[in-house]
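Numbering (the numbering used here), first residue to last: 1211 to 1331.
Each residue gets a CB set at the ideal place from its N, CA and C atoms; glycine is no exception.
Everything on this sheet refers to the single structure shown next.
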């Protein structure tokens, strides 16, 4: 005997398993979104690190402080290229950051600093 509601209409059977599917899709979406946001954050951190390293190295070369130049070179996250031009020094730091699915992404930062009085190439 099927359950009846007033008016003689039949009740539909309750959908089973829909909450599980929705939860699985929601969890997967949240996980993928979190992974993308973490990757973008790590790219931003790598860019900031390269930018800070190039600024420190350019500043110390412009000052002519050999000990500080060596310390700044040690903290550089990748390769540093130094060019002397226009009364100052330009430092370009190049490094890479690994992104899952895309491989190594090149990151580059450049800074120019004027020579301090009495310093130069």
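Rounded C-alpha distance that separates residue i from residue j
| i | j | result |
| --- | --- | --- |
| residue 1305 | residue 1252 | 13 Å |
| residue 1315 | residue 1249 | 11 Å |
| residue 1300 | residue 1266 | 11 Å |
| residue 1272 | residue 1284 | 17 Å |
| residue 1328 | residue 1274 | 9 Å |
| residue 1322 | residue 1240 | 42 Å |
| residue 1259 | residue 1287 | 7 Å |
| residue 1324 | residue 1257 | 23 Å |
| residue 1232 | residue 1220 | 27 Å |
| residue 1244 | residue 1237 | 10 Å |
| residue 1290 | residue 1312 | 24 Å |
| residue 1228 | residue 1235 | 11 Å |
| residue 1298 | residue 1280 | 19 Å |
| residue 1230 | residue 1222 | 20 Å |
DSSP-derived helix/strand/coil call for residue i
| i | result |
| --- | --- |
| residue 1269 | helix |
| residue 1254 | helix |
| residue 1313 | strand |
| residue 1283 | helix |
| residue 1232 | helix |
| residue 1262 | helix |
Buried versus exposed call for residue i [16 or more other C-beta atoms within 10 Å across all chains shown]
| i | result |
| --- | --- |
| residue 1246 | exposed |
| residue 1317 | buried |
| residue 1282 | buried |
| residue 1263 | buried |
| residue 1303 | buried |
| residue 1277 | exposed |
Identity of the residue in the options nearest residue i by Cα
| i | options | result |
| --- | --- | --- |
| residue 1255 | 1293, 1324, 1308 and 1313 | 1308 |
| residue 1319 | 1261, 1244, 1238 and 1243 | 1261 |
| residue 1292 | 1229, 1242, 1222 and 1270 | 1270 |
| residue 1310 | 1326, 1242 and 1235 | 1242 |
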